[in-house]
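Working notes, structure below.
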DNA sequence: CAGTAATACTTCGTGTTACGATGTATTACA
DNA sequence: TGTAATACATCGTAACACGAAGTATTACTG
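Chains as they are written, first to last, in the working numbering: chain A, 1 to 106; chain B, 107 to 212.
Here it is in structure tokens:
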């Protein structure tokens with residue numbers, strides 16, 4: 001899949017992955033895999049970006065001797081998803097523009 | 107509208123704008139405006155990129171004392187649009203993932 | 001006729017971003 | 001003992017959109 005095309009979806013996808021339940025890096029990648037594949041370096045960049053934007057909070061938990069960072073979505077993060085739904089309507093209209101056939105004067 | 111979100115659409119939108127009829131820079135911007143707004147610098151960058159990718163050809167025409175560059179879509183350009191339609195299906199599945207409610211065990 | 005808007009294309013610099021490469025450290029399994 | 005899986009982190013890079021600024025002509029407007 002075209003990198004450019006999925007760019008706008010990544011942030012919102014990560015938020016969606018932690019929406020119903022707090023999650024951590026490795027699990028987020030696994031959960032998203034069927035829909036979008038992204039590398040670890042990309043994910044951690046995104047998580048840091050979303051944290052800076054106050055769309056999620058982080059909590060470090062020890063799990064089997066290893067540290068895990070659990071990410072929790074905030075209200076701002078929920079709002080981001082809601083806003084995305086609105087933006088998607090614009091996306092649909094653009095899609096129509098791109099795919100409409102030449103039926104100018106049928 | 108989020109810049110990232112429209113990134114993947116821009117190239118294909120420009121191709122769509124010249125699909126039915128050869129067009130030139132200023133006109134392309136005007137035609138796209140109701141759907142997507144983009145600056146001149148962005149458009150000319152895209153046009154050059156699409157030309158390098160052999161998705162369009164250029165022809166310079168004098169028009170009222172001024173030079174105009176008319177852009178013509180190639181077969182590769184047409185194919186790009188067709189491929190986009192396929193990619194859109196993936197986009198839709200990602201959209202589903204993002205917007206699906208928590209109806210795990212309704 | 002001077003001034004301004006519109007048309008039309010070009011170049012430069014910058015900030016954002018996705019990602020490959022690489023590294024560290026632990027647990028689990030063969 | 002070695003390798004895979006888990007888990008997170010950092011660095012450098014290339015692609016990209018865009019604002020700013022520039023050049024040059026035509027069209028209009030007071």
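For each residue, glycine too, the CB sits at the ideal point set by N, CA and C.
Within a Cβ cutoff of 6 Å, which residues of the same chain sit near residue 106/A, ignoring the five residues on either side of it in sequence? By 1-based counting over the first chain, the position of residue 106/A is 106. Annotation note: pLDDT 40 at residue 106/A (below 50); position unreliable, no value reported.
Just the chain B side, please: which residues come within less than 7 Å of residue 99/A by C-beta, in chain order? Counted from its first residue, the first chain places residue 99/A at position 99. For the C-beta of residue 99/A, the chain B residues within less than 7 Å are, from N- to C-terminus, 191.
Does any residue of chain A have a CB that is nearer than 8 Å to the CB of residue 197/B? The residue you call residue 197/B lines up with position 91 of the second chain. By this cut-off, residue 197/B is an interface position.
Decide yes or no for the touch test of the region 52-71 of chain A against the region 29-36 of chain A: beta carbon pairs closer than 8 Å, at least 3 of them. Per the Cβ contact rule, the region 52-71 of chain A is not in contact with the region 29-36 of chain A (fewer than 3 Cβ pairs under 8 Å).
Determine, for residue 211/B, whether the minimum Cβ-Cβ distance to residues of chain A falls below 8 Å. Within the second chain, numbered from 1, the residue matching residue 211/B stands at position 105. With a pLDDT of 42 at residue 211/B, under the threshold of 50, the modelled position of that residue is not reliable, and the figure given next carries that caveat. No, because no Cβ of chain A sits closer than 8 Å to the Cβ of residue 211/B.
Beta carbon of residue 84/A, beta carbon of residue 119/B: below 8 Å? Here residue 84/A corresponds to residue number 84 of the first chain, with the count starting at 1. Here residue 119/B corresponds to residue number 13 of the second chain, with the count starting at 1. Result no, Cβ atoms of residue 84/A and residue 119/B do not sit closer than 8 Å.
Check each residue of the region 16-42 of chain A: if its Cβ is closer than 7 Å to any Cβ of chain B, include it; give the result in chain order. From the region 16-42 of chain A, only 16, 20, 35, 36 have a Cβ closer than 7 Å to chain B.
Neighbour list for residue 95/A in chain B, Cβ cutoff strictly below 7 Å: Along the first chain, one-based indexing puts residue 95/A at 95. Ordered by position in chain B, the residues that pass the 7 Å Cβ test against residue 95/A are 194.
Which ranges would you report for the alpha helix (DSSP H) in the region 11-44 of chain A if only whole runs of at least 4 residues count? Unbroken alpha helix (DSSP H) runs of no fewer than 4 residues, entirely contained in the region 11-44 of chain A, are found at 25-32, following chain order.
Determine whether the Cβ of residue 65/B lies closer than 8 Å to any Cβ atom of chain A. Residue 65/B lies beyond the range of chain B shown here (107 to 212); nothing can be said about it.
Once DSSP output is grouped into helix, strand and coil, what is the label at residue 74/A? Position 74 of the first chain, counting from 1, holds the residue named residue 74/A. Residue state, collapsed to three classes: coil.
Between which two residues does the beta strand (DSSP E) carrying residue 168/B extend? Here residue 168/B is taken as the residue at index 62 of the second chain, counted from 1. Where residue 168/B is concerned, the enclosing beta strand (DSSP E) stretches over 162-169.
Bridge partners of residue 175/B, per DSSP? Numbered from 1 along the second chain, position 69 holds the residue referred to as residue 175/B. For residue 175/B, which the question treats as bridged, DSSP gives the partners 166/B.
With H, G and I counted as helix, E and B as strand and the rest as coil, what does DSSP make of residue 101/A? If you number the first chain from 1, residue 101/A lands on position 101. Correct three-state label for residue 101/A: coil.
Three CB pairs or more closer than 8 Å across the region 50-58 of chain A and the region 1-20 of chain A: Yes, they touch.
Is the CB-CB distance between residue 80/A and residue 15/A below 8 Å? The residue you call residue 80/A lines up with position 80 of the first chain. The residue you call residue 15/A lines up with position 15 of the first chain. Result yes, Cβ atoms of residue 80/A and residue 15/A sit closer than 8 Å.
Beta carbon proximity, residue 78/A to chain B, threshold 8 Å: The residue labelled residue 78/A in the question sits at position 78 within the first chain. Taking Cβ atoms only, chain B never reaches closer than 8 Å to residue 78/A, which makes this a no.
Nearest to residue 172/B by CA position, among 130/B, 148/B, 151/B, is which residue? On the second chain, position 66 is the one that residue 172/B refers to. When each option's Cα is compared against that of residue 172/B, the closest is 130/B.
Using 8 Å as the threshold, is the C-beta distance between residue 87/A and residue 108/B below it? By one-based count along the first chain, residue 87/A stands at place 87. By one-based count along the second chain, residue 108/B stands at place 2. With contacts defined by Cβ atoms closer than 8 Å, residue 87/A and residue 108/B form a contacting pair.
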